[in-house]
Amino acid sequence: MRGVSLALVSMLFAQLGLASSVGLIDDLGPAGAAWVRLCWAGLIVLALVRPRLTRFTRAGLLSTVLLGVVTAGITMTFMGAVARLPLGTASSLEFLGPLGVAVWRGGRTAKLWALVAGGGVVLLTSPWRGDIDPVGVAFALAAGLCWAAYILLTQRVGDQVPGLAGIAVSLPVAALVATVVAAPAAAPELTWPLILTALGVAVLLPVVPFLLEFVALRHLDTAAFGILMALEPVYALVIGVLVLGQRPGWSAAAGVACVVAAGIGAARAARRPAPVESIVADPVPAGVAG
363 MRGVSLALVS
373 MLFAQLGLAS
383 SVGLIDDLGP
393 AGAAWVRLCW
403 AGLIVLALVR
413 PRLTRFTRAG
423 LLSTVLLGVV
433 TAGITMTFMG
443 AVARLPLGTA
453 SSLEFLGPLG
463 VAVWRGGRTA
473 KLWALVAGGG
483 VVLLTSPWRG
493 DIDPVGVAFA
503 LAAGLCWAAY
513 ILLTQRVGDQ
523 VPGLAGIAVS
533 LPVAALVATV
543 VAAPAAAPEL
553 TWPLILTALG
563 VAVLLPVVPF
573 LLEFVALRHL
583 DTAAFGILMA
593 LEPVYALVIG
603 VLVLGQRPGW
613 SAAAGVACVV
623 AAGIGAARAA
633 RRPAPVESIV
643 ADPVPAGVAG
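Remember, our numbering sits 362 above the position in the sequence shown when you count from 1.
Following this line, the structure appears as structure tokens:
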């Protein structure tokens with residue numbers, strides 16, 4: 363039960379962090395909000411872990427740098443989605459990325475769940491109404507693709523780099539990438555209150571969720587964790603209602619339910635060849651991604 367509890371609490375922190383980012387988006391724009399969050403997260407993790415690059419192999423360092431680039435991609439694209447879509451809708455569309463990984467690794471049963479997820483996407487986007495922001499949908503789907511790449515790269519980094527050193531390097535790399543993309547436009551808008559707010563948001567996401575998930579994965583197998591991760595869109599829907607005052611219609615709620623059901627079904631059907639220790643950083647996405 364300890365692992366389950368830690369995973370559930372980590373998802374709560376992640377979604378609260380995303381909800382708290384809305385104010386930063388209003389002041390700095392989606393890319394700017396992602397930038398300041400990643401900068402603080404990178405500094406915090408560097409201070410806590412203090413990785414030594416001399417312990418990295420060339421392959422491990424390359425994988426870690428690529429992971430950082432993808433982490434920046436998740437964070438910035440998902441912020442773009444949250445700025446245009448309800449949190450539950452954006453999270454459900456983003457979750458199609460890890461769901462795709464589970465379907466790809468699974469057998470015929472897992473692939474059948476992809477049809478359920480497809481139905482959920484149709485319900486979420488409600489194309490017959492024509493009132494959903496297509497740019498927001500594109501950002502959410504791009505975040506999903508980055509999340510899928512993040513999972514695969516995280517597994518590789520976990521195999522090549524011991525302990526927390528991989529995430530302690532990848533997050534600063536993500537901060538550097540976000541700085542190149544977002545700093546020229548967002549830096550002039552920075553104030554000390556915004557900088558301090560970003561520090562608090564970075565603690566909520568990704569620092570605390572990552573640490574909780576790291577411990578949780580010591581007590582859970584990957585199938586159990588994958589099933590729990592499928593609850594992320596539900597958390598997003600609930601936090602969107604309670605914190606942001608977003609009121610989903612019946613079709614959006616049904617779409618989230620379909621995506622969650624597909625995620626649970628695909629996670630149960632999938633088989634991962636690598637050991638648990640190789641994905642200690644898998645979850646962020648939702649954590650870092652968001």
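In this text, a Cβ means the ideal position worked out from N, Cα and C, and glycines have one as well.
Bear in mind that the values here come from a model prediction, so they are computed numbers and not experimental data.
query                                                                                                                                                                 : result
Would residue 616 and residue 394 qualify as a contact pair, given that the criterion is a beta-carbon distance under 8 Å?                                            : no
Let me confirm a value: residue 420 is counted as buried when at least 16 other C-beta atoms fall within 10 Å, else exposed. Which label applies?                     : exposed
Between which two residues does the alpha helix (DSSP H) holding residue 544 run?                                                                                     : 527 to 548
Looking only at its chain, what residues have a beta carbon closer than 6 Å to the beta carbon of residue 422, apart from the 5 residues adjacent to it on each side? : 522, 523
Apart from the five residues on each side of it in sequence, which residues of its chain come closer than 8 Å, Cβ to Cβ, to residue 386?                              : 394, 395, 398, 399, 556, 559, 560, 563
Under three-state DSSP, which class holds residue 477?                                                                                                                : helix
Taking the C-alpha atoms as reference points, what is the distance between residue 566 and residue 597?                                                               : 15 Å
How many angstroms separate the CA atom of residue 450 from the CA atom of residue 603?                                                                               : 9 Å
Just checking: is the beta-carbon of residue 505 within a distance shorter than 8 Å of some beta-carbon in chain D?                                                   : Of the chains in the structure shown, none is chain D; there is only one protein chain.
Given a threshold of 16 other Cβ atoms within 10 Å of its Cβ, counted over all protein chains shown, does residue 363 qualify as buried or as exposed?                : exposed
Quick test of your reading: residue 507 and residue 444, contact by CB under 8 Å. State the CB separation rounded to the nearest angstrom.                            : Their Cβ separation, rounded to whole angstroms, is 17 Å, which puts residue 507 and residue 444 out of contact at 8 Å.
Run the CB neighbour count on residue 487, radius 10 Å, all protein chains shown included, and call it buried at 16 or more, exposed below.                           : buried
Tell me the DSSP secondary structure of residue 457 in three-state form.                                                                                              : coil
How big is the Cα-Cα spacing for residue 620 and residue 452?                                                                                                         : 14 Å
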